[in-house]
Structure formats: structure tokens, C-alpha cells
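A.B. asks:
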Amino acid sequence: MQVLYFAWVRQKVGLAEEQVSPPAEVRDIAGLIAWLAARSPGHAAAFAAPKQIRAAVNQDFCAFDHPVAAGDEIAFFPPVTGG
Amino acid sequence: MTPTIRVQEAPFDLSAESALLTAGRVDVGGLASFVGLCRADDGLSALVLEHYPGMTERALGRIAGQACARWPLTGCTLVHRVGRITPGEPIVLVLTASAHRMAALESCAFLIDWLKTDAPFWKREEFADGESRWVAAKDSDTEAAARWTKGA
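Residue numbers (the working numbering), protein chains in the order written: chain A, 1 to 83; chain B, 84 to 235.
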């Protein structure tokens, strides 16, 4: 799956996007966050406070219990501040 | 009626965008506009706007579709800038046209309220002393958007 990061999440992770293949037990956004957080100190810093993070699956906002699957485009970012 | 939706670095021209919604028509009785501008709060020297290409257009399209379903609009334009924007410059444009004023005014307010909470843009503030910080989301923006769903 393709994972995208925006704003301060991108800065903390140190990547704008990456291709990942989590193990089968990673079934939802919450599980993916826990798995990603162990990838590097930057990932750990970005995901240290999950309540400050929002997620999208295939370009739609979603809750942390939303399922994830191979082939999905998943994005993590702070609450939006446009307008 | 297909809404016009654009995400761009370049400034926009309110007069030109307005003319596109009224030119050659005699059924438009009201045109409402909202232009969001960059303020120089706390010594701010620039805003840098980032977005999620693809999802942004999709989200703006969904919000515009909701406005078109709720009010009888003859025209609807959303333009949001990204990149570096300095104080005094425009950031966002919402235009709505309808036969009557109330539909134009209400849909314009609805669109900017929902755009602020449901479109994936992020603002970073740059200051004259070189400091930089990401803008935090405001509860008041979420409440402003939620008032459109009360009693619905």
C-alpha cells in the first residue's frame, strides 16, 4: 500500500510518501499507525499523539477503525486548516 | 450546472470570476462572494499552503455538490490557492449565483464553512524573525460547519 504524509506529519516522518507491506495482522488504520510508528524515530515522533492525527483511505477521510488493504492509498495528516 | 473548482498557485481575479457566472444570462438575481485574505497577525511574513492533490479536488467537488443539492444555484466557483502567500493577498474564493439572494448568500456561507473543515489544506506561518509554525485547527471552525446540519 502507498502511504502519504502531509504537513507536520510529513516533516516528522521525513518522507512525503512510502510504499509499505505491513503483515496480515495490520487490519485497520489504528493497527497501521502502531506498525508504522515502529519503523523509525521519525515515524515514532509523528505518531506519538495519534489523537492529533487524521487519516484518509483512498482519498476519503476515515476513522481509525477503518479497514486497510494492499493496494490502498492511505494518508496521515494533522486536522485541516484551509480556507 | 457544473461547479468550477480550481487549486492554483496564482492569484485570482474576483471580477473576472464573477463575470463568468453572469455573462450572457438573465436568470441570475444574486451573486454572493467570499474572499479569504492573508492577515499579518503577530508579525507574520507569509503563509505557506500545502494540500493533498487529488483528494482536495474530490473533497471540494463533494462540498460543492452538497451546496448545489441544497440551494437552486445557477453558478458556483471555488478557487483555493496553494504555495506562498503574503499578507494582503487573497487565499480562497467562493462564488455562488442564484435567482434569489438568500440562496446565494446562504450557500456561499455554507461552502466556506465546510471548505475550512473538510478540504485537505494545511497552513504554515512564516515570521519575519525566521520562525515557522503550523496553524492549529480551531474548534470554532468545526462548530461553524456543524450549524448547517442542526435540525437537518
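For glycine and all other residues, C-beta sits at the position ideal for the given N, C-alpha and C.
Of all Cβ atoms in chain B, is any one closer than 8 Å to the Cβ of residue 79 of chain A?
C.D. replies: Along the first sequence, one-based indexing puts residue 79 of chain A at 79. Yes, residue 79 of chain A lies at the interface with chain B (some Cβ there is under 8 Å from its Cβ).
A.B. asks: Is the beta carbon of residue 199 of chain B closer than 8 Å to that of residue 71 of chain A?
C.D. replies: As a working note, residue 71 of chain A is residue 71 in the first sequence. As a working note, residue 199 of chain B is residue 116 in the second sequence. Not closer than 8 Å, so no.
A.B. asks: Our contact map puts residue 84 of chain B next to residue 156 of chain B with C-beta atoms below 8 Å; I'd like the distance itself, whole angstroms only.
C.D. replies: As a first step, residue 84 of chain B must be located in the second sequence, where it is residue number 1. As a first step, residue 156 of chain B must be located in the second sequence, where it is residue number 73. So it is a contact: roughly 6 Å between Cβ atoms.
A.B. asks: List the residues of chain B whose Cβ lies closer than 9 Å to the Cβ of residue 6 of chain A, in chain order.
C.D. replies: Here residue 6 of chain A refers to the residue found at position 6 of the first sequence. Those are 133, 134, 135, 203, 205, listed as they occur along chain B.
A.B. asks: Less than 8 Å between the CB atoms is what I'm expecting for residue 56 of chain A and residue 138 of chain B, so what's the real figure, rounded?
C.D. replies: Within the first sequence, numbered from 1, the residue matching residue 56 of chain A stands at position 56. Within the second sequence, numbered from 1, the residue matching residue 138 of chain B stands at position 55. Their Cβ separation, rounded to whole angstroms, is 6 Å, which keeps residue 56 of chain A and residue 138 of chain B in contact under 8 Å.
A.B. asks: CA-CA distance, residue 90 of chain B and residue 135 of chain B?
C.D. replies: The residue labelled residue 90 of chain B in the question sits at position 7 within the second sequence. The residue labelled residue 135 of chain B in the question sits at position 52 within the second sequence. The straight-line gap from Cα to Cα measures roughly 10 Å.
A.B. asks: Going along chain B, which residues have a C-beta under 7 Å from residue 59 of chain A?
C.D. replies: Counted from its first residue, the first sequence places residue 59 of chain A at position 59. 137, 138, 141, listed in chain order.
A.B. asks: How would you call residue 221 of chain B, buried or exposed, if buried means at least 16 neighbouring beta carbons within 10 angstroms?
C.D. replies: Numbered from its first residue, the second sequence carries residue 221 of chain B at position 138. So residue 221 of chain B ends up on the exposed side.
A.B. asks: Run through the DSSP bridge pairs and tell me what residue 19 of chain A is partnered with.
C.D. replies: Counting from one through the first sequence, the residue named residue 19 of chain A turns up at place 19. The partner list for residue 19 of chain A (beta bridge, DSSP) reads A:2.
A.B. asks: With a CB to CB cut of under 7 Å and the five nearest residues on each side skipped, what residues in its chain are close to residue 35 of chain A?
C.D. replies: Taking the first residue of the first sequence as 1, we reach residue 35 of chain A at position 35. The residues are 22, 26.
A.B. asks: Can you list the residues of chain A that residue 220 of chain B reaches, using a CB-CB cut of under 8 Å?
C.D. replies: For this step, residue 220 of chain B is matched to residue 137 along the second sequence. 78, 79, 80, 81, listed in chain order.
A.B. asks: Excluding the five sequence neighbours on either side, which residues of its own chain have a C-beta within less than 7 Å of the C-beta of residue 170 of chain B, listed in chain order?
C.D. replies: Position 87 of the second sequence, counted from the first residue, corresponds to residue 170 of chain B. For residue 170 of chain B, where only same-chain residues beyond five positions count, the Cβ hits under 7 Å are 121, 122, 123, 127.
A.B. asks: Taking only beta carbons into account, state which residues of the region 39-58 of chain A come closer than 8 Å to chain B, listed in chain order.
C.D. replies: Residues 56.
A.B. asks: DSSP three-state call for residue 30 of chain A: helix, strand or coil?
C.D. replies: Taking the first residue of the first sequence as 1, we reach residue 30 of chain A at position 30. Correct three-state label for residue 30 of chain A: helix.
A.B. asks: Strictly under 8 Å for the Cβ-Cβ distance: is residue 75 of chain A near chain B by that measure?
C.D. replies: Looking up residue 75 of chain A in the first sequence gives position 75. Closer than 8 Å: yes.
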